[in-house]
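*Asks:* Following this message is one structure expressed as structure tokens.
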DNA sequence: TGCGGTGCTTACCTTTTCGTAAGGGGGATC
DNA sequence: GATCCCCCTTACGAAAAGGTAAGCACCGCA
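Pasting the structure below:
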């Protein structure tokens, strides 16, 4: 797993925060959950074009460990698993707001191809 | 280099911003430059315990490419190279503020060892 | 004459991350 | 009865990131 560097002693808050969001899909997962409130595994999968089941499951597990995501398993058939943000996940999302705005500015500066949804920065 | 994924088409601003700060030492480099204004290579090296010359040079070059860092070479003997933040670097640093605060909160929550300077979150 | 400081670069190797493909157990659907 | 959906897990391998060590060109200092 990625436990080697994670949760290391951090020099500053930025490190501690980046450690939790660094991961190819974590930003988008945070976004999806912030926008939709509650999402099932397959819904997230469809919302993140290109993600593999392995990476999605892995990221979700790490984010759960980090206290960002709440995972609720309904003992049904077929099994239903619902993901949502915890309070910490929501505050993280808010803390990411300014960064998202900065990112949109950067995209604008570089004239990089913007995918339609980018306008909202992060929620 | 890391050009493979960098500057890819981004889905949201967060991605565009994270792309620029993700890197083991970039947060701390940003911090050092924000605190001290101008720093020489060897000063940065001393300010980032554990960093190798290779990684420092590589990160600085990437951050220069990304328009965050200004590099000024003085044609002297011995050569003197000074690094400072550009305007974009400074605004990025500001955008990271809330994230740093969140990170400090997280460190506090987890009772992780805090290195003294962590109190200031990121400047 | 040799060492240390300046600001890097290069080669090589390990660690971490990500992707691909497959399987699995149970139920519903065709 | 075959296939699809659900939510994953495992095994394997490629790519990216990071670390180690050495070298370089020049100079001041002892």
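Residue numbers (full-length UniProt numbering), protein chains in the order written: chain A, 1 to 123; chain B, 1 to 123.
Quick reminder that beta carbons are idealized off the backbone N, C-alpha and C, glycines included.
At a threshold of 8 Å, does residue 15(B) count as lining the ligand ATP (C-beta to nearest heavy atom)?
*Replies:* Inclusion of the ligand ATP in the displayed structure is not the case, the ligand content being empty and no account of it being possible.
*Asks:* Leaving aside the five residues before and after residue 84(B) along the sequence, list all residues of the same chain whose C-beta is less than 8 Å from its C-beta, in chain order.
*Replies:* Sequence index remark: in the second chain, residue 84(B) carries index 84 (1-based). So the list reads 33, 37, 38, 39, 69, 70, 72, once near-sequence residues are dropped.
*Asks:* Return the chain-ordered list of same chain residues with a C-beta closer than 8 Å to the C-beta of residue 86(B), the five sequence neighbours on each side being excluded.
*Replies:* Against the second chain, residue 86(B) aligns to sequence position 86. Here the set comprises 67, 68, 69, 70.
*Asks:* Go through its chain and collect everything with a Cβ distance to residue 25(B)'s Cβ below 8 Å, but skip five positions before and after it.
*Replies:* Position 25 of the second chain, counted from the first residue, corresponds to residue 25(B). The answer, listed in chain order, is 48, 51, 55, 56, 59.
*Asks:* Does residue 121(B) pass the burial test, meaning 16 or more other C-beta atoms within 10 Å, or should it be called exposed?
*Replies:* Your numbering for residue 121(B) matches position 121 in the second chain. A caution first: residue 121(B) carries a pLDDT of 49, below 50, which makes its placement in the model too unreliable to give a value.
*Asks:* Helix, strand or coil for residue 33(B)? Go by DSSP, reduced to three states.
*Replies:* The residue given as residue 33(B) occupies position 33 in the second chain. Three-state result, residue 33(B): helix.
*Asks:* For the putative contact between residue 30(B) and residue 96(A), defined by C-beta atoms under 8 Å, what is the C-beta separation to the nearest angstrom?
*Replies:* By 1-based counting over the second chain, the position of residue 30(B) is 30. By 1-based counting over the first chain, the position of residue 96(A) is 96. The pair is not a contact, with the Cβ atoms about 16 Å apart (cut-off 8 Å).
*Asks:* Identify, in the order they occur along the chain, each residue of the same chain with its Cβ nearer than 8 Å to the Cβ of residue 79(A), setting aside the five sequence neighbours on each side.
*Replies:* Counted from its first residue, the first chain places residue 79(A) at position 79. Counting only Cβ-Cβ distances below 8 Å, and skipping sequence neighbours, we find 73.
*Asks:* Starting from the C-beta of residue 41(B), find all residues in its chain whose C-beta is less than 6 Å away, skip the five residues before and the five after it, and write them out in chain order.
*Replies:* Taking the second chain and counting its residues from 1, one reaches residue 41(B) at position 41. Correct list, in chain order: 81.
*Asks:* Any idea if residue 89(B) is buried or exposed, counting beta-carbon neighbours within 10 angstroms, 16 or more meaning buried?
*Replies:* Counted from its first residue, the second chain places residue 89(B) at position 89. The residue in question, residue 89(B), is buried, as its Cβ has 16 or more Cβ neighbours within 10 Å.
*Asks:* Can you tell me where the alpha helix (DSSP H) with residue 142(B) in it begins and where it stops?
*Replies:* Since the first residue shown for chain B is 1 and the last is 123, residue 142(B) is missing from the structure and cannot be characterised.
*Asks:* Tell me where the beta strand (DSSP E) around residue 104(A) begins and ends.
*Replies:* The residue labelled residue 104(A) in the question sits at position 104 within the first chain. Residue 104(A) -> not in any beta strand (DSSP E); alpha helix (DSSP H) instead, spanning 97-110.
*Asks:* Taking the continuous alpha helix (DSSP H) assigned at residue 130(A), which residues delimit it?
*Replies:* What is shown of chain A runs 1 to 123, which leaves residue 130(A) out entirely.
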